[in-house]
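One structure is given below, encoded as structure tokens.
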Amino acid sequence: MIEKSFLIQKYARLGFGSVHLIGYSVAGEESVVQVPELNVCFDIGRCPYFALTSDYVCLTHGHMDHLAGLPYYLSQRAFQGMKAGTVVVPRETERGIDGMLRCWREVERQGTPYQLVGMSPEELWEIRKDFGIRAVATHHGGPSLGYVLISIREKLKPEYMGKVSHELAQLRKEGVQIQYRIEVPLVAYLGDTCTGSVFDHPDVQNAEILITEVTFFEPGHHTKAKAGKHLHLEHFAQIVPKLKNKHIVVSHVSRRIGIRKAKALMRKKLGDEQMERITFLMDFEGSTDAGDVESTVPPSENE
Ligand SMILES: [Zn+2]
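In structure tokens, the structure reads:
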């Protein structure tokens, strides 16, 4: 009798009104979070199949668990006749990533097309008139960025309210600026980061949905959090009161702790009221990380 065991990877699917998140994120193993409605995937992990449909991939930093699937993503899209993927990266990593992708072209003997967009902190790349991606500096040792998806809107200045359309058209003709621009942060994703000024950034604090890592939870894991430049629950507890987000999604939890236990420790620390807006990405039925079963995969030392 042969005993077979399978590890079937399942993905999170969270709905927040008109926006969904599909993803998987375990520290040191894989991180990928897709926002299908906005055509963006944050990090690419090992490129699970669903990630192929996003035209834009925003890579936060160079660690393998966040970008290993990039050549596969680009190659598969080319193979399936989809348009070239656009990959947003921290400017300092652009050369290295480009070199890696060129190697893959040679190895695979396929002229896989791609577009790399190097970004620096505070840069806003306006993909369309009404939509852009802003890079924000995170704190993870090497070059690392978080990204905020921004809805760009034009509004009529209050002094022109109540005017009829032909009057407005006339003003426009005369070159009068009758509108002003507003930027609404929709979704912010921080990748890996320890505590720091990124949590004071207005877009990060005000985004409707904030996806942030909290890797460590237990008192004995402070040194690990410090060494890997990750967030510990103790840091997160100090950050939460200044966050105005409607929804906060916790990702990148260490395999050293099950989601259930992590959630319980967080509830104890933050209280029921804060927990109403906090969701753990990997808290879903059938998740191998949910704490229902003891994980057979050891935690990565490289969290
Ligand atoms: Zn990392």
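Position 84 of the sequence shown, counting from 1, maps to 762 under the numbering used here, and the rest follow consecutively. Cβ coordinates follow ideal geometry from the N, Cα and C atoms, glycine included.
Is it the case that the CB of residue i approaches a heavy atom of ligand 1 more closely than 6 Å?
i	result
residue 910	no
residue 870	yes
residue 698	no
residue 741	yes
Just to check my reading of the structure: residue i and residue j have Cβ atoms closer than 8 Å, yes? What is that Cβ distance to the nearest angstrom?
i	j	result
residue 771	residue 824	At roughly 14 Å, the Cβ-Cβ gap does not stay under 8 Å, so residue 771 and residue 824 are not in contact.
residue 870	residue 899	Their Cβ separation, rounded to whole angstroms, is 15 Å, which puts residue 870 and residue 899 out of contact at 8 Å.
residue 860	residue 846	Rounded, the Cβ-Cβ distance is 18 Å, inconsistent with contact.
residue 723	residue 710	3 Å
residue 815	residue 797	At roughly 11 Å, the Cβ-Cβ gap does not stay under 8 Å, so residue 815 and residue 797 are not in contact.
residue 720	residue 700	Not a contact, Cβ separation roughly 11 Å.
Report all residues from its chain with a CB closer than 7 Å to the CB of residue i; omit the five preceding and five following residues, and keep chain order.
i	result
residue 718	732, 734, 736, 827
residue 917	873, 877
residue 858	833, 835
residue 792	752, 762, 763, 765, 779
residue 915	947, 948
Identify the residues that DSSP records as bridge partners of residue i: which are they?
i	result
residue 764	734, 793
residue 863	828
residue 712	700, 719
residue 690	701
residue 945	DSSP, once it has assigned bridges, lists no residue as partnering residue 945.
residue 894	910
residue 814	824
residue 879	In DSSP, residue 879 forms no bridge with anything.
residue 958	928
residue 782	Its beta-bridge partners do not exist; DSSP assigns none.
residue 809	806, 829
residue 834	857
residue 888	866, 926
Short of 8 Å in beta carbon distance, which residues of its chain neighbour residue i, apart from the five on each side in sequence? Order them along the chain.
i	result
residue 960	690, 702, 703, 704, 929, 931, 937, 967, 968
residue 821	739, 740, 768, 769, 770, 771
residue 920	877, 878, 883
residue 698	691, 692, 713, 714, 715
residue 962	688, 690, 691, 968
residue 776	794
residue 788	753, 756, 757
Going along the chain, which residues of its own chain have a beta-carbon closer than 6 Å to the beta-carbon of residue i, five neighbours each way excluded?
i	result
residue 782	749
residue 904	none
residue 970	For residue 970, the predicted model reports a pLDDT of 42, less than 50, meaning its position is unreliable; a value from the coordinates is still stated below. If we look at residue 970 and ignore the five residues flanking it on each side, it has no Cβ neighbours.
residue 924	886
residue 956	926
residue 964	688
residue 913	873
residue 838	856
residue 790	752, 753, 756, 783
Can you find a CB in chain B that lies within less than 7 Å of the CB of residue i?
i	result
residue 784	In the structure shown, chain B does not exist; there is a single protein chain.
Given the structure, does residue i come close to ligand 3, in the sense that its CB is under 6 Å from one of the ligand's heavy atoms?
i	result
residue 726	What this structure holds is ligand 1, not ligand 3.
Tell me whether the region 744–760 and the region 830–850 touch, counting them as touching only if at least three CB pairs, one residue from each stretch, are closer than 8 Å. no
Count the CB pairs spanning the region 880–888 and the region 849–868 that are closer than 8 Å, and state whether there are at least three. yes
Pairing CB atoms from the region 845–855 with CB atoms from the region 792–812, are three or more of them under 8 Å? no
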